[in-house]
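Enquirer:
Residue numbers (our numbering): 17 to 244.
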């Protein structure tokens with residue numbers, strides 16, 4: 017089993033037109049499933065943007081077929097989307113490599129994906145799609161699980177408490193029962209600090225679950241070239 021982290025250009029997935037107009041937008045995808053476009057990233061959380069503008073941009077974005085449902089919270093907005101046929105076909109191609117998308121988030125710099133592959137061949141097939149379509153991408157990490165059943169305990173007390181409180185108050189439910197700002201208030205910290213705390217906690221859990229292995233594979237494709 018391999019665990020990989022990629023940063024891929026927006027055109028390689030979705031919402032490139034929206035980010036072109038709203039460069040400060042931040043998106044986190046939820047309800048991610050491995051092998052069905054119907055349930056792969058239909059739900060996103062958006063922040064750091066004017067939501068009226070975002071509504072307009074999403075309605076005009078060719079990668080979005082329909083905005084099914086929305087719900088606004090303090091500083092964040094939940095969207096359930098139906099992707100266009102082109103995006104569904106693109107996601108299908110990725111999933112046909114047996115890739116399991118574990119996490120997805122996007123900024124104007126691109127999509128950051130954490131993906132699990134059962135074999136090296138599956139990883140190579142996924143990367144071959146990106147290369148074949150001439151998408152720019154960066155391989156950020158490539159790790160091999162030591163024991164995927166054991167998540168380890170490399171959390172600081174603050175990280176552990178943030179995760180515990182987030183779970184208790186429904187932060188990880190779909191839709192969320194509490195916004196990031198509200199959760200930050202509960203923990204007596206800032207919105208930005210909480211976001212960084214949860215990100216570091218997630219990274220620590222992943223690091224505890226895998227044994228990083230060195231790789232000499234090319235990690236970037238830019239303007240049709242790969243370099244080590």
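For every residue, glycine included, the Cβ atom is placed at its ideal position computed from N, Cα and C. Values in this document were obtained by computation on a predicted structure and should not be read as measured data.
Am I right that residue 182 and residue 214 are in contact with their C-beta atoms under 8 angstroms? What's the rounded C-beta distance?
Expert: Indexing the chain shown from 1 puts residue 182 at position 166. Indexing the chain shown from 1 puts residue 214 at position 198. Indeed they touch by this definition, with Cβ atoms about 7 angstroms apart.
Enquirer: Under 8 angstroms, do residue 95 and residue 62 count as touching if we go by C-beta distance?
Expert: Against the chain shown, residue 95 aligns to sequence position 79. Against the chain shown, residue 62 aligns to sequence position 46. Contact flag set, yes.
Enquirer: For a quick check, are the C-beta atoms of residue 122 and residue 26 less than 8 angstroms apart?
Expert: Translated into the one-based positions of the chain shown, residue 122 becomes position 106. Translated into the one-based positions of the chain shown, residue 26 becomes position 10. Their beta carbons are under 8 angstroms apart, which means residue 122 touches residue 26 by this criterion.
Enquirer: Out of 106, 85 and 125, point me to the one whose CA is closest to residue 41's CA.
Expert: Here residue 41 is taken as the residue at index 25 of the chain shown, counted from 1. Comparing Cα positions, the closest option is 125.
Enquirer: Which residues does DSSP list as the beta-bridge partners of residue 43?
Expert: Along the chain shown, read from residue 1 onward, the residue named residue 43 stands at position 27. DSSP, once it has assigned bridges, lists 62 and 122 as partnering residue 43.
Enquirer: Going by C-alpha distance, which of 84, 92 and 82 is nearest residue 43?
Expert: Locating residue 43 in the chain shown gives position 27, counting from the first residue. When only C-alpha atoms are compared, the closest one is 92.
Enquirer: Where do the ends of the beta strand (DSSP E) carrying residue 84 lie?
Expert: Residue 84 sits at position 68 when you count from the first residue of the chain shown. Segment 80 to 89, the beta strand (DSSP E) holding residue 84.
Enquirer: Taking only three categories from DSSP, how would you classify residue 168?
Expert: Start at 1 with the first residue of the chain shown, and residue 168 comes out as number 152. Bear in mind that a pLDDT of 42 at residue 168, under 50, signals an unreliable position, so the model cannot answer this.
Enquirer: Residue 34 and residue 77: beta carbons closer than 8 angstroms?
Expert: In the chain shown, the residue the question calls residue 34 occupies position 18. In the chain shown, the residue the question calls residue 77 occupies position 61. Yes, they are a contact pair.
Enquirer: Tell me, please, whether the region 197 to 212 touches the region 172 to 187 by the rule of three or more beta-carbon pairs shorter than 8 angstroms.
Expert: Yes: the two stretches touch, three or more of their Cβ pairs being nearer than 8 angstroms.
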